[in-house]
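> First the structure, then my questions, so here it is.
In our numbering, the protein residues as written are 6 to 511.
So this is what it looks like as structure tokens:
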């Protein structure tokens, strides 16, 4: 699993796939968040390259995170439970990969959820919650990673909350294709988000059950408890899984997992597997020229400077991220930059050249940083590394560096799907890459070209304060983020400036 509110790294996902697929392929299931998609997709590509059949179903149940006609953009919240349970039931029943993927997609298409919160959650070690709700008010449409609600209303009674849940989830636009409400069979999951416990949940559920039955719905195996939590957040969500005969059979099948147990599960068919360690394994270091090893040492020094500047600004980056996101950007950047700095030092000690060092530190940053930023910085470092040389006399020529940064820009935009104006790191990366290429093309030395490009990145990063997010978790809170710069763009500008100072000190 990943760190707090962060995806597991591609390396961790790959390790689990290889340990568990047993020659039958693997189905990846996760909530629809940018960081998860980057890391899981990367792992999927890696194992597919070795002939492993790997598929993905992304959970998109949160009705407040996008409109009904944009269901693919919706977040995954407590509906993870219903999709995971159905897919697990299919696998345990002997379905092949095609069949398991099919029913997982069906379960996702027939799952809808809505969440509310009375307080935000507080990350371990933090002094205050990621967001606050005014006294007497309730946030609607919050995220499970501490993202603030999309709307607010006065706190209702328990019956009033039940009525709000049911009214929203039974709206015509939220009824899945092929479902008729009257006569339908539904699994309701009333989920506590951390500080709302069973006694309060059952008070709400009593009214939820009455309202669903009044609508002509038959309740099947209702679940009330904590299934998808967010630390100490005071809140709840209601999930409805609209059943057909097959989904009902798979939902009610026995299960025995750390997070969910139901019925008497027969584990006799389970087979032991050999775990693939996900710790760093030193790969063979290719030969490198003296010039490339010297350049690798300068790269390691620059990464030390990167880690120092990230450590200095980590709290600030977290505060920026908490305005419309989950507040973990500073933590993730700190972990990633530390891992990159340490890996660069060890690779240089092993005699690595410039290209190899950057590829290794890209893996390290992605693995330890986690989340969206970890995946994207891994791409950036590896793309720049691929443009350099382990054996040439000029392994970090200005033209090669500029080409590598351009390739990094293209990789980030291709994998992350962000474009200019979406209020992401792309808004700083594109002007940085363009300015660097222009100055280098005009014959400027690398240090001078980098300094000019760094200034362009900082100016562009500051300008993101006026933008509304067009992608990622913050998209659902566009107005809230206006006036605050994007943390990913700011961190890129900080790193560009730190590297620029290291180049100037050569």
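Every residue, glycine too, gets a C-beta built ideally from N, C-alpha and C.
(1) Apart from the five residues on each side of it in sequence, which residues of its chain come closer than 8 Å, Cβ to Cβ, to residue 286?
(2) For residue 79, does the three-state DSSP call read helix, strand or coil?
(3) Less than 8 Å between the C-beta atoms of residue 361 and residue 290, yes or no?
(4) Tell me, please, whether the segment 503-510 touches the segment 453-469 by the rule of three or more beta-carbon pairs shorter than 8 Å.
(5) Taking only runs that begin and end inside the segment 108-136, name each unbroken beta strand (DSSP E) of 3 or more residues, in chain order.
(6) In terms of residue numbering, what span does the alpha helix (DSSP H) encompassing residue 42 cover?
(7) Pull the bridge partners of residue 142 from the DSSP assignment, please.
(8) Identify whether residue 238 lies in helix, strand or coil by the three-state DSSP scheme.
(9) Can you tell me whether DSSP reads residue 262 as helix, strand or coil?
(10) Assuming residue 52 and residue 35 make a contact with CB atoms under 8 Å, what is their CB distance in whole Å?
(11) If residue 225 and residue 248 are in contact, beta carbons under 8 Å, what's the gap, nearest whole angstrom?
(12) In whole angstroms, what is the alpha-carbon distance linking residue 102 and residue 89?
(13) So, using beta-carbon positions, are residue 79 and residue 38 closer together than 8 Å?
(14) For residue 69, does the count of other Cβ atoms within 10 angstroms reach 16, so buried, or fall short, so exposed?
(15) Give every residue of the same chain whose Cβ lies closer than 6 Å to the Cβ of residue 294, excluding the five residues on either side of it in the sequence, and list them in chain order.
(16) Between the segment 321-337 and the segment 347-355, are three or more C-beta pairs nearer than 8 Å?
(17) By the 10 Å Cβ neighbour count, where 16 or more other Cβ atoms means buried, how is residue 492 classified, buried or exposed?
(18) Who does residue 515 pair with in a DSSP beta bridge?
(19) Mapping DSSP to helix, strand and coil, what is residue 485?
(20) If I measure Cβ to Cβ from residue 109 and keep anything under 8 Å in the same chain, skipping five residues before and after, which residues do I get?
(21) Under 8 Å by Cβ, that's how I've got residue 341 and residue 374 pegged, so tell me the actual separation to the nearest angstrom.
(22) When we look at the beta-carbon of residue 474 and count the other beta-carbons within 10 Å, is it buried (16 or more) or exposed?
(23) Return the chain-ordered list of same chain residues with a C-beta closer than 7 Å to the C-beta of residue 435, the five sequence neighbours on each side being excluded.
(24) Nearest by alpha-carbon distance to residue 3: which of 385, 411 and 264 is it?
(25) Would you list the residues sitting across from residue 31 in a DSSP beta bridge?
(26) How should residue 124 be labelled, buried or exposed, when 16 other C-beta atoms within 10 angstroms of its C-beta is the threshold for buried?
(27) Note down the Cα distance separating residue 114 from residue 20, rounded to an integer number of angstroms.
(28) Whole angstroms are fine: how far does the CA of residue 14 sit from the CA of residue 380?
(29) Among the residues of its own chain, which have a CB less than 7 Å from the CB of residue 418, if the five just before and after it don't count?
(30) Could you check where the alpha helix (DSSP H) with residue 365 kicks off and where it finishes?
(31) In the DSSP assignment, find the unbroken alpha helix (DSSP H) run with residue 436 in it and report its ends.
(32) Going by Cα to Cα distance, which pick from 354, 188, 45 and 30 is closest to residue 57?
(33) With residue 308 and residue 269 assumed to form a contact (beta carbons below 8 Å), what rounded beta-carbon distance in angstroms separates them?
(34) Of the residues 212, 166, 252 and 137, which one's Cα is nearest the Cα of residue 191?
(35) Kindly give me the distance between the Cβ atoms of residue 236 and residue 126, rounded to whole angstroms, as I take these residues to be in contact under 8 Å.
(36) Would you mind reading off the limits of the beta strand (DSSP E) that contains residue 190?
For this structure:
(1) As a working mapping, residue 286 is identified with position 281 in the chain shown. Its pLDDT being 42, under 50, residue 286 is placed unreliably in this model, and the value from its coordinates should be taken loosely. Within the same chain, residue 286 has no close Cβ partners at all.
(2) In the chain shown, residue 79 corresponds to position 74, counting from 1. Three-state result, residue 79: coil.
(3) Reading the chain shown from its first residue, position 356 is the one you call residue 361. Reading the chain shown from its first residue, position 285 is the one you call residue 290. Result yes, Cβ atoms of residue 361 and residue 290 sit closer than 8 Å.
(4) Look at the beta carbons and you see the segment 503-510 touching the segment 453-469: at least three pairs across the two are nearer than 8 Å.
(5) List check, beta strand (DSSP E) in window: 116-122.
(6) Residue numbering aside, residue 42 sits at position 37 when the chain shown is read from its first letter. Counting along the chain, the alpha helix (DSSP H) containing residue 42 begins and ends at 39-53.
(7) In the chain shown, the residue the question calls residue 142 occupies position 137. The partner list for residue 142 (beta bridge, DSSP) reads 159.
(8) Against the chain shown, residue 238 aligns to sequence position 233. Of the three classes helix, strand and coil, the one that applies to residue 238 here is strand, per DSSP.
(9) For the purposes of this step, residue 262 is identified with residue 257 of the chain shown, where counting begins at 1. If DSSP states are grouped into helix, strand and coil, residue 262 belongs with coil.
(10) As a first step, residue 52 must be located in the chain shown, where it is residue number 47. As a first step, residue 35 must be located in the chain shown, where it is residue number 30. Not really, about 16 Å apart at Cβ, beyond 8 Å.
(11) For the purposes of this step, residue 225 is identified with residue 220 of the chain shown, where counting begins at 1. For the purposes of this step, residue 248 is identified with residue 243 of the chain shown, where counting begins at 1. Cβ atoms of residue 225 and residue 248 come within 8 Å of each other, at about 6 Å.
(12) In the chain shown, the residue the question calls residue 102 occupies position 97. In the chain shown, the residue the question calls residue 89 occupies position 84. If you draw a straight line from the Cα of residue 102 to the Cα of residue 89, it comes to about 14 Å.
(13) By 1-based counting over the chain shown, the position of residue 79 is 74. By 1-based counting over the chain shown, the position of residue 38 is 33. Taking 8 Å as the Cβ cut-off, residue 79 and residue 38 do not qualify as a contacting pair.
(14) Here residue 69 refers to the residue found at position 64 of the chain shown. Here residue 69 is buried, its C-beta having at least 16 other C-beta atoms within 10 Å.
(15) Translated into positions along the chain shown, residue 294 becomes position 289. In the same chain as residue 294, and ignoring 5 residues on each side of it, the C-beta atoms closer than 6 Å to its own belong to 396, in chain order.
(16) Here the segment 321-337 makes no contact with the segment 347-355; the two share fewer than three CB pairs at distances below 8 Å.
(17) In the chain shown, residue 492 corresponds to position 487, counting from 1. Counting Cβ neighbours within 10 Å, residue 492 comes out buried, since at least 16 surround it.
(18) Since the displayed the chain opens at 6 and closes at 511, residue 515 lies outside it and no answer follows.
(19) Indexing the chain shown from 1 puts residue 485 at position 480. Correct three-state label for residue 485: helix.
(20) Counted from its first residue, the chain shown places residue 109 at position 104. Cβ neighbours of residue 109 beyond the five flanking positions: 32, 34, 62, 88, 91, 92 and 95.
(21) Looking up residue 341 in the chain shown gives position 336. Looking up residue 374 in the chain shown gives position 369. With 8 Å as the limit, residue 341 and residue 374 qualify as a contact, their Cβ atoms being about 2 Å apart.
(22) Here the question's residue 474 lines up with position 469 in the chain shown. By the neighbour-count definition (other C-beta atoms within 10 Å, threshold 16), residue 474 is a buried residue.
(23) Numbered from its first residue, the chain shown carries residue 435 at position 430. If we look at residue 435 and ignore the five residues flanking it on each side, its Cβ neighbours are 414 and 425.
(24) The structure shown does not extend to residue 3, since the chain spans only 6 to 511, so no value can be given for it.
(25) By 1-based counting over the chain shown, the position of residue 31 is 26. Here residue 31 is bridged, per DSSP, to 59.
(26) For this step, residue 124 is matched to residue 119 along the chain shown. By the neighbour-count rule (16 or more Cβ atoms within 10 Å), residue 124 is buried.
(27) In the chain shown, counting from the first residue as 1, residue 114 sits at position 109. In the chain shown, counting from the first residue as 1, residue 20 sits at position 15. Those two C-alpha atoms are separated by around 29 Å.
(28) As a working note, residue 380 is residue 375 in the chain shown. As a working note, residue 14 is residue 9 in the chain shown. Cα to Cα, the separation comes out at about 8 Å.
(29) Stepping through the chain shown from its first residue, residue 418 is reached at position 413. Once the five neighbours on either side are set aside, the close Cβ partners of residue 418 are 424 and 431.
(30) Working through the chain shown from its first residue, we reach residue 365 at position 360. Looking at the DSSP string, the run of the alpha helix (DSSP H) that includes residue 365 is 359-374.
(31) If you number the chain shown from 1, residue 436 lands on position 431. It spans 431-446 - the alpha helix (DSSP H) in which residue 436 sits, taken as one unbroken run.
(32) Position 52 of the chain shown, counting from 1, holds the residue named residue 57. The option with the nearest alpha carbon to residue 57 is 30.
(33) Taking the chain shown and counting its residues from 1, the one referred to as residue 308 is at position 303. Taking the chain shown and counting its residues from 1, the one referred to as residue 269 is at position 264. In this structure residue 308 does not touch residue 269 by the C-beta definition: roughly 54 Å separates them, more than the 8 Å allowed.
(34) One-based indexing of the chain shown puts residue 191 at position 186. Nearest of 212, 166, 252 and 137 to residue 191, Cα basis: 252.
(35) Here residue 236 corresponds to residue number 231 of the chain shown, with the count starting at 1. Here residue 126 corresponds to residue number 121 of the chain shown, with the count starting at 1. The Cβ separation is near 4 Å, so the contact holds.
(36) By 1-based counting over the chain shown, the position of residue 190 is 185. Element bounds for residue 190: 190-197.
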